[in-house]
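Peer 1:
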Amino acid sequence: MITPTPLRRRSRLHSHRPPPRGPVTVEQLVPGQHSATDGVPVGWRPDTDTLRSRAALARERRWRRLLALADAAATVASLATCILLLGGSQDRVPPTAAAVAALGCVALAKALGLYDRDELTIKPSTLDETPRLFQLATLWTLVVWLAGQPVLGGFLGRDQILALWAAQTASLIGGRAVARAILRRSTPIDRCLLVGERDACLHAERKIREAHGAHACVIAAITSAELGDERVAAEALHTIVTRSDIHRLILAPGPDDQAELLDLVRAAKAVGLRVSVLPRMLEVVGSSVVFDDVEGVALLGVRRFGLNRSAWLLKRATDVLGSTVGLVLIAPLLALIALAIRLDTRGPLLFRQQRVGRDGRTFSMLKFRTMVDGAHHQQAALSDKNEADGLFKIADDPRITRVGRVLRRTSLDELPQLLNVLRGEMSLVGPRPLVPEDDLRVEGWYRRRLHLTPGMTGRWQVLGSARIPLQEMVKLDYLYVANWSLWLDVKIMLRTIGFVLMRRGL
């Protein structure tokens, strides 16, 4: 049995019963014996509205209302900004017109499902829904343009419409990000119960615990066999919900649990729990699948692995443009770093290391030198201090220079890799380039990660490249290749900026 994970943090505005200590079993959460023939009253039917936690319902309503308020405020702000900056002295926005425009934006957001996603996810993210917010801003601006005369009392010009569209997009994204930050601090986190195969539950619990920004914690984990059939499971879940204040059921089924999965989902829905399912198949094919409904039968369409020719050209054009602009903009900074290294210690400015690139070809990856000259000769003597699984990483490495410590803390030592990107040896975003000895440890299907050019950053960087073991890192790289899109690259680059600013690296 899995030991429950205690809450990492508690809201100051809400009290929670602490999770029980020690291994948790269904007998501890639900005292008494349960079987398929007794323990369930004849004709028993759960009433979802009465079984659901009032706190959970209040939390869902608060999330929806604050997001709607953020969208309405963003609409009023974008309208006012557009009229004030580009309108004439006689231009005004009547209060009734602003209210109608704000309500229209909220109605469109509701139609697009933008208020329903948060209760379904453990890690609500404004960045993940940015394409849909872009769609909302575009649709809303079109409606305002078509209905400008009856709603606003006049027509907006071309420049005003373009400015309104840009302002609405930025305001929606910023407003929702602020609203979610407030909600995370002021509402209780999801208290989760894991049900399924032991190894799958352990994996899911660790991922939830380590996830940055996840608004959830695991209270306990039990096997599906302990809950019994559907009727007994519904009664057991009812008792667990009322006694342990559980908000969400996470199903992590193993190969032998598929038959019980539907019963557990029905039982959880009967008692008003939010349900999340860990689909094991997506660990192989990735999350970029298309749902296809064939006469009530759901099929998953799996995209081809890798990039087609047009995607290759798009990714390469983005790399060339990004690296060229980046090198031009940071040229003075590169000169200052080079001068600081030269004044600090003797040795070359750049550190060159052989890495394995696309299709197994090796190349010299460039970095600003952050260690004393000849540091690689001292690695064997420091092997007992290694803090990473499969890679060599030491938090307080004695070989690092004074300037090098600053460069590593700010990730500025990586900037010369823009030259690797410009030469086509690396990409802005991609799989992590490994040294040859680490690459030899990657076997099987995960070697297909080399289908793409290695990147300056990637999903491994956002999660903390020194905190995750090598085998999990190459799995992330494989799934990145399987799910590649230009928007995925943009999200990773934006998250890398936040990662560097918060200095969450080793």
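Position one of the sequence shown corresponds to residue 7 (our numbering), numbered consecutively onward. Where is the CB? At the ideal position from N, CA and C, for every residue including glycine.
Could you check where the beta strand (DSSP E) with Thr206 kicks off and where it finishes?
Peer 2: Here the sequence assigns Ala to residue 206, which means Thr is not the residue at that position. First-last for Ala206: 204-216, but that is the alpha helix (DSSP H), not the beta strand (DSSP E).
Peer 1: Determine the closest residue to Leu91 out of Leu413, Ile167, Thr407, with distance taken between C-alpha atoms.
Peer 2: Per the Cα distances, Ile167.
Peer 1: Where does Leu500 sit, in a helix, a strand or coil, going by DSSP?
Peer 2: Helix, per DSSP.
Peer 1: Considering only the beta carbon of each residue, do Ala86 and Ser177 sit closer than 8 Å?
Peer 2: Contact: no.
Peer 1: Hey, could you find the ends of the beta strand (DSSP E) Met462 is sitting in?
Peer 2: Note, Met462: beta strand (DSSP E), 461-463.
Peer 1: Please return the same chain residues whose Cβ sits closer than 8 Å to the Cβ of Asp134, not counting the five positions on each side in sequence.
Peer 2: Closer than 8 Å at the Cβ level, and outside the excluded window around Asp134, lie Lys497.
Peer 1: Between Val487 and Val326, what straight-line distance do the alpha-carbon atoms span, to the nearest angstrom?
Peer 2: In a straight line, the C-alpha of Val487 is about 20 Å away from that of Val326.
Peer 1: Could you tell me if Gln477 is buried or exposed, where buried requires 16 or more neighbouring beta carbons within 10 angstroms of its beta carbon?
Peer 2: Result: exposed.
Peer 1: Per DSSP, what kind of secondary structure is Leu372 in: helix, strand or coil?
Peer 2: Residue state, collapsed to three classes: strand.
Peer 1: How far does the beta strand (DSSP E) with Val448 in it reach, from first residue to last?
Peer 2: Here Val448 belongs to no beta strand (DSSP E), and DSSP marks it neither H nor E.
Peer 1: Mark Ile188 as exposed unless 16 or more other C-beta atoms lie within 10 angstroms of its C-beta, in which case mark it buried.
Peer 2: By the neighbour-count rule (16 or more Cβ atoms within 10 Å), Ile188 is not buried but exposed.
Peer 1: Use the C-beta contact count for Leu142: other C-beta atoms within 10 angstroms, 16 or more gives buried, fewer gives exposed.
Peer 2: The residue in question, Leu142, is buried, as its Cβ has 16 or more Cβ neighbours within 10 Å.
Peer 1: Distance, Cα to Cα, Trp493 vs Pro437?
Peer 2: Taking the straight line joining both Cα atoms gives about 16 Å.
Peer 1: Measure the beta-carbon distance from Thr132 to Trp171 and round it to whole angstroms, keeping in mind my assumption that it falls under 8 Å.
Peer 2: The pair is not a contact, with the Cβ atoms about 19 Å apart (cut-off 8 Å).
Peer 1: Quick one: any contact between the stretch 119-130 and the stretch 99-110, if contact means 3 or more CB pairs under 8 Å?
Peer 2: No contact exists between the stretch 119-130 and the stretch 99-110.
Peer 1: Do Pro439 and Pro422 count as a contact pair if the criterion is CB distance below 8 Å?
Peer 2: No, Cβ-Cβ distance for Pro422 and Pro439 is not below 8 Å.
Peer 1: Pull up the distance between the alpha-carbon of Ala346 and that of Val409, whole angstroms please.
Peer 2: Spanning the two alpha carbons is a distance of roughly 7 Å.
Peer 1: What number of angstroms, rounded off, separates the C-alpha of Val277 from the C-alpha of Leu243?
Peer 2: Each residue's Cα considered, the two are about 7 Å apart.
Peer 1: How many Å lie between Arg70 and Leu114 at the Cα?
Peer 2: Straight-line Cα distance between these residues: approximately 14 Å.
Peer 1: Let me know the secondary structure DSSP gives Asp299 once reduced to three states.
Peer 2: Asp299 falls in the strand class under three-state DSSP.
Peer 1: According to DSSP, simplified to helix, strand and coil, what is Pro26?
Peer 2: Low confidence applies to Pro26: its pLDDT is 41, below 50, so where it sits in the model is not reliable, and the reading given next is rough at best. In the structure shown, Pro26 sits in coil (DSSP, three-state: anything other than H, G, I, E or B).
Peer 1: So, with DSSP's three-state summary, where would you put Phe505?
Peer 2: Three-state DSSP puts Phe505 in a helix.
Peer 1: In chain order, which continuous runs of the alpha helix (DSSP H) of length 4 or greater are located wholly inside the stretch 308-370?
Peer 2: Runs of the alpha helix (DSSP H) inside the stretch 308-370: 315-335, 337-350.
Peer 1: Pull up the distance between the alpha-carbon of Arg215 and that of Phe140, whole angstroms please.
Peer 2: About 31 Å.
Peer 1: With a cut-off of 8 Å on the beta carbons, I'd call Met377 and Ile406 a contact; round off their distance for me.
Peer 2: With a Cβ gap of about 6 Å, Met377 and Ile406 count as contacting.
Peer 1: Would you call the CB atoms of Arg197 and Ile252 closer than 8 Å?
Peer 2: Their beta carbons are under 8 Å apart, which means Arg197 touches Ile252 by this criterion.
Peer 1: Alpha carbon to alpha carbon, how far is Asp77 from Ala169? Give it in angstroms, no decimals.
Peer 2: If you take the alpha carbons of Ala169 and Asp77, they lie about 17 Å apart.
Peer 1: Does the Cβ of Ala153 have 16 or more other Cβ atoms within 10 Å, making it buried, or fewer, making it exposed?
Peer 2: Label assigned to Ala153: exposed.
Peer 1: Can you tell me which of the three DSSP states Val112 falls into?
Peer 2: Helix, per DSSP.
Peer 1: Within the continuous beta strand (DSSP E) that includes Leu133, where are the two ends?
Peer 2: Premise fails: Leu133 is in no beta strand (DSSP E) and is neither H nor E.
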